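Asks: Chains as they are written, first to last, in our numbering: chain D, 1 to 336; chain C, 337 to 672.
Backbone N, C-alpha and C fix where the C-beta goes; we use that ideal spot for every residue, glycine too.
Bear in mind that the values here come from a model prediction, so they are computed numbers and not experimental data.
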DNA sequence: CTACTCCATGTAAGCGCTTACATGAACGCT
DNA sequence: AGCGTTCATGTAAGCGCTTACATGGAGTAG
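#1: Put residue 233/D into one of helix, strand or coil per three-state DSSP.
#2: Between 164/D, 176/D and 182/D, which lies nearest to residue 337/D when the distance is taken from Cα to Cα?
#3: Just to confirm the assignment, what range does the alpha helix (DSSP H) spanning residue 619/C have?
#4: Leaving out five residues before and five after residue 149/D in sequence, what residues of the same chain have Cβ atoms less than 6 Å from its Cβ?
#5: On the criterion of 16 or more Cβ atoms from any shown chain inside 10 Å, does residue 368/C qualify as buried, or is it exposed?
#6: Could you name the residues of the same chain whose beta carbon sits closer than 8 Å to that of residue 15/D, not counting the 5 residues immediately before and after it, in chain order?
#7: Check whether the stretch 119-129 of chain D touches the stretch 264-275 of chain D, taking contact to mean three or more Cβ pairs, one atom from each stretch, closer than 8 Å.
#8: Which residues, taken in chain order from the stretch 264-291 of chain D, show a beta carbon closer than 8 Å to some beta carbon of chain C?
#9: Quick one: give me the first and last residue of the beta strand (DSSP E) that residue 94/D is part of.
#10: Give the residues from the stretch 390-410 of chain C that approach chain D closer than 7 Å (Cβ to any Cβ), ordered along the chain.
#11: Since residue 559/C is in the alpha helix (DSSP H), which residue starts that stretch and which ends it?
#12: If you reduce the DSSP assignment to three classes, tell me which class residue 26/D lands in.
#13: Pull up the DSSP beta-bridge partners for residue 117/D, would you.
#14: Less than 8 Å between the C-beta atoms of residue 657/C and residue 496/C, yes or no?
#15: Closest to residue 210/D by CA distance: which of 187/D, 181/D, 199/D and 192/D is it?
#16: Three-state secondary structure (DSSP) at residue 521/C?
#17: On a Cα-Cα basis, can you pick out the residue from 265/D, 222/D and 45/D that is closest to residue 237/D?
#18: For the stretch 447-459 of chain C, which residues have a CB atom closer than 7 Å to at least one CB atom of chain D, in sequence order?
#19: Kindly indicate if chain D contains any beta-carbon less than 8 Å away from that of residue 414/C.
#20: For residue 42/D versus residue 10/D, is the C-beta distance shorter than 8 Å?
#21: Which partner residues does residue 277/D have in the DSSP bridge list?
#22: At 7 Å on the CB atoms, spell out the chain C contacts of residue 82/D, in chain order.
#23: In whole angstroms, what is the alpha-carbon distance linking residue 244/D and residue 257/D?
#24: Relative to the C-alpha of residue 218/D, which residue among 247/D, 110/D and 192/D is closest?
#25: Kindly indicate the opening and closing residues of the beta strand (DSSP E) around residue 512/C.
#26: Go ahead and pull the three-state DSSP assignment for residue 591/C.
#27: Do you know offhand how far residue 6/D's Cα is from residue 425/C's?
#28: With C-beta atoms as the reference, is residue 430/C less than 8 Å away from residue 288/D?
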């Protein structure tokens with residue numbers, strides 16, 4: 001950084017003041033065409049790029065968006081991130097990314113992303129407690145939540161998918177096309193909004209067919225593979241009566257698949273399985289998974305777009321639910 | 337950002353000068369214990385966080401690391417990113433991420449990451465031309481390359497995995513354990529270093545067993561699913577004589593699996609298939625893939641660590657090759 | 001007791017930009 | 001011709017930090 005070319009060098013070379021250079025760079029005031037050409041030429045010749053830090057300091061905004069995730073490498077997050085990245089750069093911002101594992105000691109390190117280095121923050125809750133969100137919000141940082149709503153009344157926008165509708169669709173499919181009636185639901189963590197909305201959809205579908213809701217058919221799968229596998233194994237071993245499985249997430253459904261394999265139960269003939277999310281792996285299973293495609297990437301890009309809007313105009317739609325589509329594959333019993 | 341708490345507020349509250357506050361924050365000069373306590377108390381009370389921009393401007397470094405990738409959401413990159421992210425924050429830096437698709441028009445936008453906003457850059461080549469790398473390097477930006485070496489003679493460190501050894505191991509396995517002798521190699525893009533090193537390993541293994549190398553058995557798979565699938569279909573249809581397939585990447589191997597499925601050839605009884613990378617999906621295939629586990633995440637963290645070292649000391653190991661391990665599953669014919 | 005060192009702290013000059021305000025040339029109007 | 005506008009451009013004051021240098025009190029030695 002030291003000794004690099006500054007706006008003053010450009011100004012000198014172009015025979016104008018630094019203010020004028022700044023004006024052509026930022027298009028913040030009209031500049032005579034010929035002057036502009038000279039300035040642009042000087043910039044090109046010197047290979048000048050404005051220092052982000054100086055710019056931020058003077059203009060009072062960082063030109064960065066931040067995203068806070070619990071994890072990067074899971075399929076789900078990387079797709080989300082992809083959408084976010086795209087929209088961020090399309091809007092002319094840079095993207096600062098940080099993860100904060102949920103199990104990590106909280107106070108050991110200050111929040112990596114905040115008003116000091118970011119104009120706005122995308123947060124996937126779970127990593128941040130409500131108190132921390134409120135604190136960031138109080139500091140005046142624009143935020144948009146992903147997949148979970150913010151604490152009440154703060155007016156923080158969120159974007160998610162049509163969980164309830166999607167779940168209803170796929171459960172409905174199990175019932176009306178495949179004649180299932182005792183459908184095991186592998187739920188997510190209790191506070192998880194996705195999970196409870198999906199459960200609602202599941203119940204809606206049952207209700208529409210006059211099937212009574214049996215709480216015994218809702219088992220905790222944590223939306224993850226191992227836990228779900230265990231849960232299904234357990235259900236099988238207790239001889240719980242069910243004829244199909246709705247995994248609240250594809251990961252959960254995959255756990256169920258393992259469990260079924262382990263007990264030698266064929267899919268879909270012995271047991272139908274459906275999921276939710278349409279992760280990339282789901283297509284690769286030996287019996288490709290019927291699931292609900294949630295437009296994860298779009299959630300990311302939409303959230304970034306909203307955040308930018310929030311930053312620039314001060315307002316943004318509070319709740320956005322992106323539509324989902326059912327993906328029929330063979331694990332439900334449909335032939336492919 | 338406007339109207340936020342500044343170092344001056346803290347100084348006033350603690351009854352010291354701003355310099356002293358700066359000193360306790362950065363531990364850049366000894367401060368009497370009692371003074372330090374007062375300052376820390378003031379910081380805590382006001383909830384002060386230094387403005388990154390002001391700090392950068394004054395100190396002449398950004399405290400950011402940047403990473404440039406062609407893509408985020410592929411398994412491969414997200415694992416890489418995860419390692420990078422961890423090491424970056426462990427070293428006290430923030431992570432700026434940008435993607436630059438290879439097919440994208442080049443000059444439409446200035447480089448998003450450079451000396452103006454980053455202290456150092458991790459680059460996965462392919463997105464950046466050699467000329468651009470040289471240019472960044474000339475500007476004095478510390479860089480570390482991932483998986484591909486930089487242009488000759490610039491002294492830019494790189495980190496990758498033991499491609500040659502890994503390939504040799506897995507091909508050797510095919511030969512000596514499963515008695516294969518005509519092994520199809522699904523290669524990657526021609527300029528791809530991983531690919532050519534893996535091909536070397538493949539040849540090493542053949543040689544060790546006195547099997548002549550047949551160039552006809554090397555087909556272009558582009559390291560991606562569709563292309564490889566097509567290539568294998570094609571080889572099958574031309575009745576090329578081969579008894580097993582070594583996919584230069586798991587993606588390529590998976591393409592081969594599709595092709596085999598399509599032609600009704602069972603794996604591994606009809607054809608053995610092995611890959612390289614150990615992507616997450618590979619374990620989920622109907623015949624779980626025997627492959628070579630490349631410690632992708634570690635490549636990321638190691639690269640970030642090296643970059644930090646390069647920034648701070650001016651030097652770093654030029655070539656790092658991380659060891660790989662063969663993962664035996666059933667697609668090669670091993671029983672599980 | 002004086003002179004010198006040492007060390008914690010303060011003073012103030014930037015870091016490279018943006019932007020409110022000042023300036024003056026060109027123009028139109030009466 | 002004189003005056004007010006308009007508009008492109010220049011001037012210079014910060015933005016919130018870091019850091020070289022100055023300062024002065026305490027400690028040490030002669």
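Replies: According to the structure shown:
#1: helix
#2: This structure cannot speak to residue 337/D, because chain D is shown only from 1 to 336.
#3: Residue 619/C -> no alpha helix (DSSP H), and no H or E assigned at all.
#4: 158
#5: exposed
#6: 38
#7: no
#8: 280, 281, 284, 285 and 286
#9: 94-99
#10: 390, 392, 393, 396, 397, 398, 408 and 409
#11: From DSSP, residue 559/C is part of no alpha helix (DSSP H); its letter is neither H nor E.
#12: helix
#13: Looking at the DSSP assignment, residue 117/D forms no beta bridge with any residue, so it has no partner.
#14: yes
#15: 181/D
#16: strand
#17: 265/D
#18: 448, 450, 451, 452 and 453
#19: yes
#20: yes
#21: 293/D
#22: 408 and 409
#23: 11 Å
#24: 247/D
#25: No beta strand (DSSP E) contains residue 512/C, which is instead part of the alpha helix (DSSP H) from 499-512.
#26: helix
#27: 30 Å
#28: no
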